[in-house]
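In our numbering, the protein residues as written are 42 to 346.
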């Protein structure tokens, strides 16, 4: 297990923004994860879970307490013909290719999502008309309040659009079991290739970004379309910018701060509301020290949020 003090977090996020954590732990096993949390709780030190660092804005002012990064929990195995179990830190593109190697289909949509299994379960990650809710049989969770590992079934998780019922303050995803289906390797690999090519054509891969900035407000109305129609492609706030390629992506032009990003998100949100009377909810999570003004976009209440 790795442990660092005063560790800059920008290197661990896909947006490349983030100040220091007082301490950073990187467990490799479930036992190490539980040991860290137990130890920190015993000394009343705040702790926060960090996965692959996508869909996340970390404050440039840093994070008080410890950050536990689960991205080194990498076990993955086939339990049954169509059943795979993957630990929280397994990268989603790797998971898709692992399944393809077993002639198992269903995970091809994950190849363009730069996150990990843990985050994908928490947020019901999806793309290309598919999502985790269709595949998850159950998730193994460390419940801090009960101080034990529990299994949450698909029904327990109550998946909805980019959401689950996992309590981020007291429940940590350890692993997930996924039900897949038989497929031909050539067809699976063709789907994976097509999804990769689509991502390269439609997303700003050349710039650090955190993935989609806003949740689509309506099934047939994308956040990217609304932001683009508000005339914001290329709009900048400091070193943060709305991508010219896809308007629902905020990119880091080089040295963006969390203040740049929150100001831009707030402007995007307000501009869309002024034009369409639609309030958009950020898809990103936040971590660290932010002002009340910086967090305003995340306080928006929308139907079914």
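Idealized CB from N, CA, C, for every residue including glycine.
Rounded to whole angstroms, what is the Cα-Cα separation between residue 44 and residue 185? Within the chain shown, residue 44 is the residue found at index 3, counting from 1. Within the chain shown, residue 185 is the residue found at index 144, counting from 1. Computed Cα separation, rounded: 21 Å.
Put residue 342 into one of helix, strand or coil per three-state DSSP. Here the question's residue 342 lines up with position 301 in the chain shown. DSSP places residue 342 in coil when its eight states are reduced to three.
Assuming residue 268 contacts residue 309 under a Cβ cut-off of 8 Å, what Cβ separation, rounded to an integer in Å, is found between them? Within the chain shown, numbered from 1, the residue matching residue 268 stands at position 227. Within the chain shown, numbered from 1, the residue matching residue 309 stands at position 268. The pair is a contact, with the Cβ atoms about 6 Å apart (cut-off 8 Å).
Say yes only if the C-beta of residue 143 is nearer than 7 Å to one or more non-hydrogen atoms of the ligand MN, and no if none qualify. Although the ligand MN was asked about, the structure shown includes no ligands whatsoever.
Nearest to residue 109 (by Cα), restricted to the options 116, 87 and 178: Position 68 of the chain shown, counted from the first residue, corresponds to residue 109. The option with the nearest alpha carbon to residue 109 is 87.
How big is the Cα-Cα spacing for residue 223 and residue 197? On the chain shown, residue 223 is found 182 positions in, with the first residue counted as 1. On the chain shown, residue 197 is found 156 positions in, with the first residue counted as 1. Straight-line Cα distance between these residues: approximately 26 Å.
Tell me whether the beta-carbon of residue 249 lies closer than 8 Å to the beta-carbon of residue 132. Locating residue 249 in the chain shown gives position 208, where the first residue counts as 1. Locating residue 132 in the chain shown gives position 91, where the first residue counts as 1. No, they are not a contact pair.
Where do the ends of the beta strand (DSSP E) carrying residue 89 lie? Taking the first residue of the chain shown as position 1, residue 89 is located at position 48. Residue 89 -> beta strand (DSSP E) spans 88-91.
Span of the alpha helix (DSSP H), counted from its first residue to its last, around residue 243: The residue given as residue 243 occupies position 202 in the chain shown. That run of the alpha helix (DSSP H) goes 226-243.
Going by DSSP in three states, residue 57 sits in which element: helix, strand or coil? Position 16 of the chain shown, counted from the start, is the residue given in the question as residue 57. Looking at residue 57 - three-state DSSP - the assignment turns out to be coil, as it is neither helix nor strand.
Please classify residue 187: does DSSP put it in a helix, a strand, or coil? Taking the chain shown and counting its residues from 1, the one referred to as residue 187 is at position 146. It is coil, neither helix nor strand.
Any contact of the segment 116-127 with the segment 227-240, i.e. 3+ C-beta pairs under 8 Å? no
Would you check if there are 3 or more beta carbon pairs closer than 8 Å linking the segment 170-187 to the segment 273-292? no
In this structure, what does DSSP give as the bridge partners for residue 193? Within the chain shown, numbered from 1, the residue matching residue 193 stands at position 152. According to DSSP, which records beta bridges pairwise, residue 193 is partnered with 180.
Whose C-alpha, out of 66, 122 and 160, is nearest the C-alpha of residue 94? In the chain shown, counting from the first residue as 1, residue 94 sits at position 53. Of 66, 122 and 160, the residue nearest in Cα terms is 160.
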